[in-house]
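Numbering (the working numbering), first residue to last: 9 to 226.
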């Protein structure tokens with residue numbers, strides 16, 4: 009978008025590859041919905057395993073199984089929408105009263121995407137996905153009825169200045185143990201619509217610098 013347009017001056021639409029488009033990342037629209045990105049997968053990225061599972065459920069074996077996998081891989085695609093999440097104090101991991109095989113408490117996890125995400129999905133992002141499918145000439149469109157998890161694990165040891173409400177400080181150092189560092193996605197209390205790997209890496213370098221400074225007596 010041209011910078012002369014005040015609505016999009018700080019909201020660029022960035023094309024990261026031939027099949028990934030980011031929604032504008034900031035703007036007045038955030039009062040109603042959040043940023044997200046859409047991705048079109050018709051090969052790789054684990055998609056073939058789902059097609060294989062579907063073919064197996066049909067009862068195919070041998071050559072028929074191979075042919076159905078090849079056919080469905082060639083003529084189907086996934087349109088994935090990744091949503092931005094808001095921090096929510098109710099989303100948390102605690103210890104349950106159940107024990108693992110070592111006798112240690114298992115984690116108890118409460119997690120909900122929230123109404124902000126649900127509203128964006130219902131009124132904006134999923135309709136855009138359907139429009140993309142229509143433009144691609146799709147003849148059979150199925151929308152996943154529920155939200156599915158990402159492959160990036162975050163939020164188990166969140167960062168903060170107050171030990172009462174966080175686990176690590178700004179350098180991913182444990183509030184309780186000054187020689188214990190927990191860098192990575194656990195320090196992040198929420199997630200943007202984009203992948204979190206680069207941020208995790210940055211947190212790791214930040215922790216490494218703090219460890220080096222501490223070893224030097226800094």
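C-beta: ideal position from N, C-alpha, C; glycine also.
In this text, all values refer to a predicted model and were calculated from it rather than measured experimentally.
Separation of residue j from residue i, as counted between CA atoms
i: residue 163; j: residue 78; result: 39 angstroms
i: residue 194; j: residue 200; result: 14 angstroms
i: residue 81; j: residue 203; result: 25 angstroms
i: residue 52; j: residue 159; result: Low local confidence applies: a pLDDT of 49 at residue 52 is under 50, so the model's placement there is unreliable, with the coordinate-based value given in what follows. Near 15 angstroms, if we compare the C-alpha coordinates of residue 159 and residue 52.
i: residue 16; j: residue 135; result: With a pLDDT of 37 at residue 16, under the threshold of 50, the modelled position of that residue is not reliable, and no figure is offered here.
i: residue 169; j: residue 176; result: 8 angstroms
i: residue 186; j: residue 213; result: 17 angstroms
i: residue 108; j: residue 87; result: 38 angstroms
i: residue 60; j: residue 67; result: 11 angstroms
i: residue 111; j: residue 118; result: 22 angstroms
i: residue 190; j: residue 83; result: 44 angstroms
i: residue 56; j: residue 47; result: 16 angstroms
i: residue 102; j: residue 92; result: 24 angstroms
i: residue 70; j: residue 58; result: 17 angstroms
i: residue 41; j: residue 121; result: 13 angstroms
i: residue 220; j: residue 152; result: 47 angstroms
i: residue 179; j: residue 205; result: 17 angstroms
i: residue 142; j: residue 132; result: 15 angstroms
i: residue 130; j: residue 207; result: 29 angstroms
i: residue 188; j: residue 73; result: 51 angstroms
i: residue 36; j: residue 128; result: 14 angstroms
i: residue 106; j: residue 147; result: 48 angstroms
i: residue 43; j: residue 145; result: 26 angstroms
i: residue 228; j: residue 65; result: Absent from the model: residue 228. The displayed extent of the chain is 9 to 226, so no value can be given.
According to DSSP, residues forming a beta bridge with residue i
i: residue 181; result: 189
i: residue 117; result: 101
i: residue 107; result: 113
i: residue 176; result: 167 and 182
Span of the alpha helix (DSSP H) around residue i
i: residue 166; result: Unbroken run through residue 166: none, as it is neither H nor E.
i: residue 123; result: 123-128
i: residue 136; result: 134-143
i: residue 5; result: Coverage of the chain is limited to positions 9 through 226, which leaves residue 5 absent and any answer about it impossible.
Cβ-Cβ separation, residue j to residue i (assumed contact under 8 angstroms), whole Å
i: residue 155; j: residue 90; result: Contact doesn't hold; Cβ gap of about 10 angstroms is too wide.
i: residue 198; j: residue 95; result: 4 angstroms
i: residue 218; j: residue 181; result: 6 angstroms
i: residue 174; j: residue 166; result: 5 angstroms
i: residue 125; j: residue 138; result: Not a contact, Cβ separation roughly 18 angstroms.
i: residue 113; j: residue 104; result: 6 angstroms
i: residue 192; j: residue 223; result: About 20 angstroms; that fails the 8 angstroms criterion.
i: residue 76; j: residue 63; result: 4 angstroms
Minimum Cβ-Cβ distance from residue i to chain D less than 9 angstroms
i: residue 113; result: No chain D appears in the structure shown, which is made up of a single protein chain.
Checklist entry - What runs of the alpha helix (DSSP H), each 4 residues or longer, lie entirely inside the region 35-98? => result Those alpha helix (DSSP H) runs which fall completely within the region 35-98 and span 4+ residues are 55-65 and 70-83.
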